[in-house]
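Input: a single structure, listed below in structure tokens.
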Amino acid sequence: MHLNQTYNHQKLPEDYLTPQEAPISETWKAMSQLKEKGLAKHIGVSNFSKQKLEELIANTGEIPEMNQVELHPLLQQNDLFEYCSKQGIHLTGYSPLGSGDRSDGMKQENEPNMFEKTAVQKIASKHNVSPAQVLINWSAQRGTAVIPKSTNPGGIRKPRGCKTSIR
């Protein structure tokens, strides 16, 4: 169970409560109660910045177990990574392969394709692995969990053979 700080999913605005209608600290306390009752094993947050994490901890006295954020070599989030490491908050990276399937409206102009980055291709070629395996290993070597996504069955199967270390 996690508390998602963003509202960028393709739903209508009336599908959501505003932070004023459902303050984060109150929502977190309700999630903590579910954990205490055994209705959730773990609770965490999603898309929380260092500042949002500090506010949550200050307001509730509790540290989330996990923060799920976009994380990959082009969006390393080093300050957040360091803060979470010091606090004992595990990071899970979504879109570790980039977000090539995002709708055009959500993409930045000239957004790079991670698989086409020269450094990624060179490392993949040197170790006889796919670019996806290189990108997943980058996260694994940092100690972060990843949630890779692929829109084709072949792309889903390939990372299974991921080496535990590409050096």
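For the sequence shown, our numbering assigns the number 1153 to the initial residue and increments by one for each residue that follows. C-beta atoms are modelled at their ideal positions from N, C-alpha and C, and glycine is treated no differently.
Point to revise | Counted within 10 angstroms of its Cβ, other Cβ atoms place T1296 as buried (16 or more) or exposed | key: On the sequence shown, position 144 is the one that residue 1296 refers to. Burial call: buried.
Exercise for review: Answer with buried or exposed for H1224, where buried requires no fewer than 16 other C-beta atoms within 10 angstroms of its C-beta.
Suggested key: The count along the sequence shown starts at 1 and reaches residue 1224 at position 72. Label assigned to H1224: buried.
Exercise for review: Let me know if P1283 comes out buried or exposed under the rule of 16 or more other beta-carbons within 10 Å of its beta-carbon.
Suggested key: Locating residue 1283 in the sequence shown gives position 131, counting from the first residue. Counting of Cβ neighbours within 10 angstroms places P1283 among the buried residues, the total reaching 16 or more.
Practice item. Specify, as a first and last residue, the run of the alpha helix (DSSP H) that S1237 falls within. Key: By one-based count along the sequence shown, residue 1237 stands at place 85. In the DSSP assignment, S1237 falls within the unbroken alpha helix (DSSP H) covering 1230-1239.
**Study point:** E1263 versus L1208, L1226, I1209, H1194, residue with shortest Cα-Cα distance
**Key:** Along the sequence shown, read from residue 1 onward, the residue named residue 1263 stands at position 111. For the residues L1208, L1226, I1209, H1194, the minimum Cα distance to E1263 belongs to L1226.
Point to revise | DSSP-derived helix/strand/coil call for A1276 | key: Within the sequence shown, numbered from 1, the residue matching residue 1276 stands at position 124. Helix, per DSSP.
Point to revise | Buried/exposed call for I1299, threshold 16 Cβ in 10 Å | key: The residue you call residue 1299 lines up with position 147 of the sequence shown. Of the residues assessed, I1299 falls on the exposed side of the cut-off, its CB having fewer than 16 other CB atoms within 10 angstroms.
Review point. Are the beta-carbon atoms belonging to L1287 and L1249 less than 9 Å from one another?
Key: Here residue 1287 refers to the residue found at position 135 of the sequence shown. Here residue 1249 refers to the residue found at position 97 of the sequence shown. For L1287 and L1249, yes; Cβs fall inside 9 Å.
Review point. What's the gap between the Cα of K1204 and the Cα of A1182?
Key: On the sequence shown, residue 1204 is found 52 positions in, with the first residue counted as 1. On the sequence shown, residue 1182 is found 30 positions in, with the first residue counted as 1. Near 18 Å, if we compare the C-alpha coordinates of A1182 and K1204.
Exercise for review: Assuming M1218 and T1179 form a contact by the criterion Cβ under 8 Å, report the distance between their Cβ atoms to the nearest whole angstrom.
Suggested key: As a first step, residue 1218 is located in the sequence shown; it is residue number 66 there, counting from the start. As a first step, residue 1179 is located in the sequence shown; it is residue number 27 there, counting from the start. So it is not a contact: roughly 16 Å between Cβ atoms.
**Study point:** Supposed contact pair Q1220 and S1198 - C-beta distance, whole angstroms, cut 8 Å
**Key:** Counting from 1 along the sequence shown, the entry for residue 1198 is found at position 46. Counting from 1 along the sequence shown, the entry for residue 1220 is found at position 68. The Cβ separation is near 4 Å, so the contact holds.
Check your understanding: Roughly how many whole angstroms lie between the Cα atoms of K1269 and A1292?
Key -> Residue mapping note: residue 1269 aligns to position 117 of the sequence shown, counting from 1. Residue mapping note: residue 1292 aligns to position 140 of the sequence shown, counting from 1. Rounded to whole angstroms, K1269 to A1292 spans 19 Å at the Cα level.
Check your understanding: So, are the CB atoms of F1200 and P1175 less than 9 Å apart?
Key -> Counted from its first residue, the sequence shown places residue 1200 at position 48. Counted from its first residue, the sequence shown places residue 1175 at position 23. In this structure, P1175 does not lie closer than 9 Å to F1200 by Cβ.
**Study point:** Spatially closest choice to K1202 from Q1229, A1271, T1170, by CA coordinates
**Key:** Counted from its first residue, the sequence shown places residue 1202 at position 50. From the listed residues Q1229, A1271, T1170, the smallest Cα separation to K1202 is found for Q1229.
Review point. Hey, how far is the Cα of P1171 from the Cα of A1271?
Key: Counted from its first residue, the sequence shown places residue 1171 at position 19. Counted from its first residue, the sequence shown places residue 1271 at position 119. Distance between the alpha carbons of P1171 and A1271: 41 Å.
**Study point:** Residue(s) in a DSSP beta bridge with Q1285
**Key:** Within the sequence shown, the letter at position 133 stands for residue 1285. Under DSSP, no beta-bridge partner is assigned to Q1285.
Check your understanding: How big is the Cα-Cα spacing for Y1246 and K1301?
Key -> Position 94 of the sequence shown holds residue 1246. Position 149 of the sequence shown holds residue 1301. So the two alpha carbons sit approximately 8 Å from each other.
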